[in-house]
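Quick notes on the structure that follows.
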Amino acid sequence: MAGEGGGWSALIGRVARRRAEAEAPPQPDPVVHVPIERHPIEVHAAEQHPIPAPASAPLASADGSGGLPAGTVNGGGLNGQPNGQPPYPARPAHPSEAVPWTLRVAAEGIWRMLIVGAGLYFLFRIIGTLRIVAFAFVAALLISALLQPTVSWFRRHGVPRGPATAMTFLGGLIGIALVAWFVVWQVSTNLNQVTDHVQTGILQIKHWLETGPMHLTDKQINEFANQLTKVVGTNSDQITSFGFSTVGIVVEIVTGVFLAAFCTFFLLYDGERIWGWTLRLLPLRSRMAMAGAGPRAWATLTAYVRGTVMVAFIDAVSIGIGIYLLGVPLAMPIAVIIFLGAFVPLVGALVTGTIAVLIGLVTHGIVTAALVLVVLLGVQQIEGHLLQPLILGRAVRIHPLAVILAVTCGSIVGGIGGAIVSVPLVAVTNTTVGYLRQRYHVDEDIRAALSAAASE
């Protein structure tokens with residue numbers, strides 16, 4: 001019994017100790033939770049050296065702050081983060097620093113392009129307002145580029161500049177006058193024949209409408225003719241205004257011709273002094289570069305004009321012979337028109353040649369018109385694949401895609417004149433930019449060589 005009483009006493013004692021431990025307040029773990037008294041650090045003025053951080057990492061506190069106040073720098077950095085970095089990205093000092101680099105570069109490029117575009121827009125507006133002066137001066141440049149080799153030939157043979165310029169200028173005027181007289185003479189001679197052929201063609205078209213797949217009656221054809229007459233009568237005001245505007249266009253053309261002739265003479269006679277005066281308008285640091293680019297651009301323009309005249313002559317002669325053999329009337333005037341239209345590369349001869357297709361249609365029928373179209377397409381292919389690369393390829397060095405885009409943009413901006421001017425403008429710009437880029441690289445090489453020589 002005594003043994004059993006001792007066992008119960010031990011059990012009751014253990015239960016009492018467990019109850020006392022449970023009721024007692026919790027004690028901190030001596031390894032993990034070490035209470036550290038926080039005292040403010042007083043730094044006196046006499047102390048010149050900062051308090052060194054402890055080499056070993058502090059024991060962690062209950063709140064996970066390492067037992068130190070928040071923001072205290074210890075061996076691990078700020079608040080325990082490595083390298084003293086905060087737990088979140090630092091706020092930029094300026095808002096622009098938060099913008100990505102690529103977006104900043106794109107934005108700067110875009111606003112510069114907008115400024116350049118605005119400048120070009122206002123430039124084109126000014127040119128549009130003064131289009132007579134602009135087109136006359138550009139035409140004078142092209143004619144001067146064509147006639148300048150003749151003036152140089154006279155000068156090399158001892159003829160003074162004045163007489164050489166006068167003979168060249170008068171020779172050009174006489175040539176243009178002879179061509180114009182020939183065209184007018186051919187048109188007036190064959191006009192009655194063409195009128196008869198047109199009337200015959202209209203009767204053939206009427207017969208085809210009656211007997212062809214449409215099976216129209218005379219009554220329906222007459223009703224259509226009456227409606228066409230009513231439309232013409234209703235729009236008589238517009239037609240009259242168009243006539244007045246046509247008179248205004250003729251006046252502008254005559255004014256432009258006289259202005260172009262005047263500018264051509266002085267460009268031939270005094271072109272070098274005009275170029276020197278233009279160079280003096282530029283800043284000093286840009287004069288040498290433009291003095292080298294100018295003659296190269298002029299050589300490109302001269303080669304372009306001479307090559308274009310040769311290509312246009314070949315196109316006009318080839319198409320003229322073709323339509324003459326097919327019996328199309330007005331073959332020679334049409335050839336002259338094709339010669340003028342061929343100054344628009346690749347498409348000019350084809351577009352102006354449609355006049356021959358229409359005349360062949362109303363005079364000889366659809367078969368002749370189809371044959372004329374075949375002649376036009378054949379000459380156009382020869383021009384694009386043979387004449388342009390051989391004659392203009394080395395002088396101009398413009399891709400056919402660039403030519404088509406330039407002609408399209410020029411025609412949108414300035415009509416026929418813009419289409420004629422666009423390609424030589426692109427050629428001159430290409431030559432000028434290429435020379436300036438090459439000169440820049442050469443200058444960089446010279447500077448590098450001089451720097452290397454100076455360092456030695």
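Numbering-wise (our numbering), the sequence shown opens with residue 1 and increments by one. Cβ atoms here follow ideal geometry from the backbone N, Cα and C, with glycine treated the same way. Small disclaimer: the values here were computed from a predicted structure and weren't measured.
In its chain, beyond the 5 residues on either side, Gly-360, His-364, Thr-368, Leu-371, Val-372 and Val-375 have a beta carbon closer than 8 Å to the beta carbon of Leu-326.
When DSSP states are grouped into helix, strand and coil, Ala-164 belongs to the helix group. Fewer than three beta-carbon pairs drawn from the segment 93 to 110 and the segment 374 to 394 are found closer than 8 Å, and the two stretches are therefore not classed as touching. If you draw a straight line from the Cα of Leu-170 to the Cα of Leu-284, it comes to about 39 Å.
Pairing Val-179 with Trp-153, the inter-Cα distance amounts to about 24 Å. Spatial neighbours of Ala-406 in its own chain (CB-CB distance under 7 Å, excluding positions within 5 residues in sequence) are listed in chain order as Ser-422, Val-423 and Val-426. Shown here for Val-347: same chain residues with a beta carbon closer than 7 Å to its own, the five before and five after excluded, namely Val-407 in chain order. Inclusion of Pro-345 and Leu-390 in the CB contact set at 9 Å is not warranted, their separation being larger than that value. DSSP places Val-99 in the coil class of the three-state scheme, outside both helix and strand. Straight-line measurement puts the Cα of Ala-164 at about 20 Å from the Cα of Ala-177. Contact check between the segment 129 to 149 and the segment 261 to 280: three or more CB pairs, one atom from each, fall below 8 Å, which counts as touching. Out of Val-133, Arg-287 and Thr-278, the CA that lies nearest to the CA of Ala-261 is found in Val-133.
The criterion of a C-beta distance shorter than 9 Å is not satisfied by Val-396 and Thr-302.
Taking a C-beta distance under 9 Å as the contact criterion, Val-328 and Ala-356 qualify as a contact pair.
Straight through space, the alpha carbons of Val-183 and Leu-401 are spaced by roughly 34 Å. Taking a C-beta distance under 9 Å as the contact criterion, Cys-409 and Gly-415 do not qualify as a contact pair. In the three-state reduction of the DSSP assignment, Ile-398 falls in the coil class, being assigned neither a helical nor a strand state.
Taking 4 residues as the shortest admissible run, the segment 117 to 183 contains the following complete alpha helix (DSSP H) segments, listed from N- to C-terminal end: 131 to 156. The DSSP-derived three-state label of Arg-91 is coil. The three-state reading of DSSP puts Thr-217 in coil, since its state is none of H, G, I, E or B.
Going by beta carbons, Gly-292 and Tyr-435 fall inside the 9 Å limit.
A Cβ-Cβ distance of about 11 Å is found for the pair Val-317 and Ala-342, leaving them out of contact under the 8 Å criterion. For the pair Trp-277 and Trp-298, the Cα-to-Cα distance works out to about 16 Å.
The C-beta separation of Ile-319 from Ile-338 comes to about 5 Å, placing the pair in contact by the 8 Å criterion. By the C-beta density criterion, Gly-13 is exposed, having fewer than 16 other C-beta atoms within 10 angstroms. Burial is judged here by how many other beta carbons sit within 10 angstroms of a residue's own beta carbon; Gln-227 has fewer than 16 and is exposed.
Counting along the chain, Leu-386 sits inside no alpha helix (DSSP H), nor does DSSP assign it H or E at all. Minimum Cα-Cα distance from Val-187 among the listed residues Pro-333, Thr-431, Ser-9 and Thr-354 corresponds to Pro-333. A residue is called buried once 16 or more other Cβ atoms fall within 10 Å of its Cβ, and Gly-117, having fewer, is exposed.
Contact between Phe-124 and Val-413 holds, since their C-beta atoms are separated by about 6 Å, short of 8 Å. Under the three-state reduction of DSSP output, Leu-392 falls in the helix class. For Gly-348, the uninterrupted alpha helix (DSSP H) segment begins and ends at 348 to 352. Of the candidates Gly-353, Gly-109, Pro-295 and Thr-354, Pro-295 places its Cα closest to the Cα of Thr-429. Listed in chain order, the non-local C-beta contacts of Thr-432 below 6 Å within the same chain comprise Ala-293 and Ala-297, local neighbours out to five positions each way being set aside.
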